[in-house]
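Its first residue numbered 1418, the sequence shown is counted upward by one per residue in the working numbering.
Okay, so here's the structure we're looking at.
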Amino acid sequence: MEVNMSYSHDSDDEYEKLIRRMNPPRVVIDNEACKNATVIRVDSANKHGILLEVVQILTDLNLIITKAYISSDGGWFMDVFNVTDQDGNKITDEVILDYIRKSLGPEACFTSSMRSVGVKPSMDHTAIELIGSDRPGLLSEVSAVLTHHKCNVMNAEVWTHNTRAAAVMQVTDEETGGPITDPDRLSGIKQLLCNVLKGSKKSAGGAKTVVSHATTHTERRLHQMMFADRDYERTDDDSLDDRIRPNVNVVNWFDKDYSVVTINSKDRPKLLFDTVCTLTDMQYVVFHANIDAEGPEAYQEYYIRHIDGSPVKSDAERERVIQCLEAAIKRRVSEGLKLELCTTDRVGLLSDVTRIFRENSLTVTRAEVTTKSGKALNTFYVGDASGYPVDAKTIDSIRQTIGQTILKVKGSPEDSKPSSQESPTRFLFRGLFKSRSFVNFGLVRSYS
């Protein structure tokens, strides 16, 4: 039976490749058609999920999609995107343009594994997925467990939403610098992390840890994990977030058997990816779409059917679509203090930094941890553990503990003034952060 299933899967794979060879994708990049943006047009044979693949590639390049038109009726798919870089300029870098052509063009049919949100072996790291109830100090506790077991966190992304926390972490062995392969050691790490995630017996919801040598698309995986965890179900106090809740509406267009989804929300990078990702994972097919995000507000309109060919069938299904899209948008919205840390990477760095946050009564609401060329580039969004705004004394305490010589505080000119003298504590942490370290604090609401 297993052989037949494998054969069937391989046959589908080969059939898909044949179709793509007969009808190779076509990518046209035009820097003349639009005054303010680069226009990218993609024509391809249609298949479920292809829109997400295209959006994912553009998003991973940190391109801003200001407008888009999508049409995929029948067996053909056509996308037109207006994109800019992070500074609002056209894309002129030939390396990036060539990557787009190769990733979306005819050659992509032979390299689709790198585009899919699949699982493939990694020889560089061990992947750890975590989900559980959010609470102050959780990231600090998780990081401490990994440090104790001589694991170095190379990359990580942590999201919190609606009392739940999810993380995807890539770790390496402290001694070898490679993935952790000892099954007993992995089992022990997994068990300890599960215990940390479970917290007290009063914690609502379950906890789960998955350890593998797989490579996934981190942000889509986080969406999938939180969706499976049902973080979209509103809590009693969720009305507090009405001021940042997007306006999502779903109506049926009976003449055409479509459901029309409209979304009005504050624009931010990766907004289109988040909504398309959610519709795809909920098994809806986007037949047509119009996206306009040229101003501070973004408007999205999708004409969808379920993968079984039907529009939204009931009020309950309609409400679920609305809640899931709201959740997908809000997962990236972080209010509070933004901290950016750049320093030489080492084992235990994340544990030490998050411990300092915890000792200053700060809780991490979202985090992005990246290591490049031996440098740790970390961004944290933190708030007061008691729910109050973070005050200047807390900022000053962190400044003295970490002892940075370059420190910026956005939002308050008074906070941006450097300390008249360094705290003696700085010298205790000199080996931890070094004088080349950089921390940038910004009091912001982030939609990025």
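Each residue gets a CB set at the ideal place from its N, CA and C atoms; glycine is no exception.
Work out the CA separation of residue j and residue i for me, nearest whole Å.
i       : j       : result
Leu1480 : Val1456 : 12 Å
Gly1791 : Arg1775 : 26 Å
Lys1687 : Leu1475 : 9 Å
Asp1504 : Arg1647 : 36 Å
Tyr1716 : Thr1626 : 37 Å
Ile1708 : Cys1451 : 16 Å
Leu1657 : Ile1482 : Annotation note: pLDDT 44 at Leu1657 (below 50); position unreliable, no value reported.
Lys1755 : Ala1784 : 10 Å
Asp1691 : Asn1579 : 17 Å
Pro1600 : Asp1447 : 51 Å
Glu1366 : His1634 : Since the displayed the chain opens at 1418 and closes at 1865, residue 1366 lies outside it and no answer follows.
Leu1794 : Glu1636 : 17 Å
Asn1463 : Gly1492 : 5 Å
Tell me which residues share the same chain as residue i and place their Cβ nearer than 6 Å to its Cβ, disregarding the 5 neighbours each side in the sequence.
i       : result
Ser1461 : Pro1442 and Phe1494
Asn1666 : Thr1679
Glu1718 : Thr1679 and Asn1707
Ser1836 : Caution applies to Ser1836, whose pLDDT of 42 falls short of 50 and renders its modelled position unreliable; the value that the coordinates give is listed next. For Ser1836, where only same-chain residues beyond five positions count, there are no Cβ hits under 6 Å.
Lys1507 : Asn1448 and Thr1455
Going by the beta-carbon positions, is the gap between residue i and residue j smaller than 8 Å?
i       : j       : result
Met1586 : Val1562 : no
Thr1543 : Val1628 : yes
Arg1458 : Val1472 : no
Ser1682 : Ile1739 : no
Ala1582 : Val1588 : no
Glu1591 : Lys1607 : no
Gly1765 : Thr1593 : no
Leu1689 : Ala1485 : yes
Thr1796 : Glu1757 : yes
Ser1557 : Thr1771 : yes
Ile1724 : Ile1773 : no
By alpha-carbon positions, which one of the options ends up nearest to residue i?
i       : options                               : result
Thr1787 : Gly1800, Ile1812, Val1799 and Thr1760 : Thr1760
Ala1631 : Lys1615, Thr1598, Ala1744 and Leu1610 : Thr1598
Asp1869 : Ser1778, Lys1507 and Glu1636          : Since the first residue shown for the chain is 1418 and the last is 1865, residue 1869 is missing from the structure and cannot be characterised.
Arg1749 : Ile1467, Pro1663, Leu1514 and Thr1564 : Pro1663
Ser1751 : His1634, Gly1800 and Asp1447          : Gly1800
Thr1811 : Thr1780, Asp1684, Gly1616 and Ser1520 : Thr1780
Arg1737 : Leu1758, Glu1650 and Gly1522          : Glu1650
Thr1577 : Arg1772, Ala1744 and Asp1762          : Ala1744
Met1699 : Gln1641, Lys1730 and Phe1671          : Gln1641
Ser1768 : Val1559, Asn1506 and Asp1477          : Val1559
Tyr1720 : Gly1466, Asn1463 and Asp1490          : Asp1490
Under 8 Å Cβ to Cβ from residue i, same chain only, skipping five residues before and after it: list those, please.
i       : result
Arg1722 : Asp1674, Tyr1675, Ser1676, Tyr1701, Val1702, Phe1704 and Pro1728
Pro1596 : Ser1539, Met1540, Asp1541, His1542, Thr1543, Thr1589, Asp1590 and His1630
Ignore the nearest five residues each way along the sequence and tell me which others in residue i's own chain have a CB closer than 7 Å to its CB.
i       : result
Leu1609 : Val1562
Leu1469 : Val1693, Cys1694 and Thr1697
Cβ contact check for the region 1499 to 1514 and the region 1549 to 1565: 3 or more pairs under 8 Å: As far as the Cβ criterion goes, the region 1499 to 1514 does not touch the region 1549 to 1565, which means the pair count is below three.
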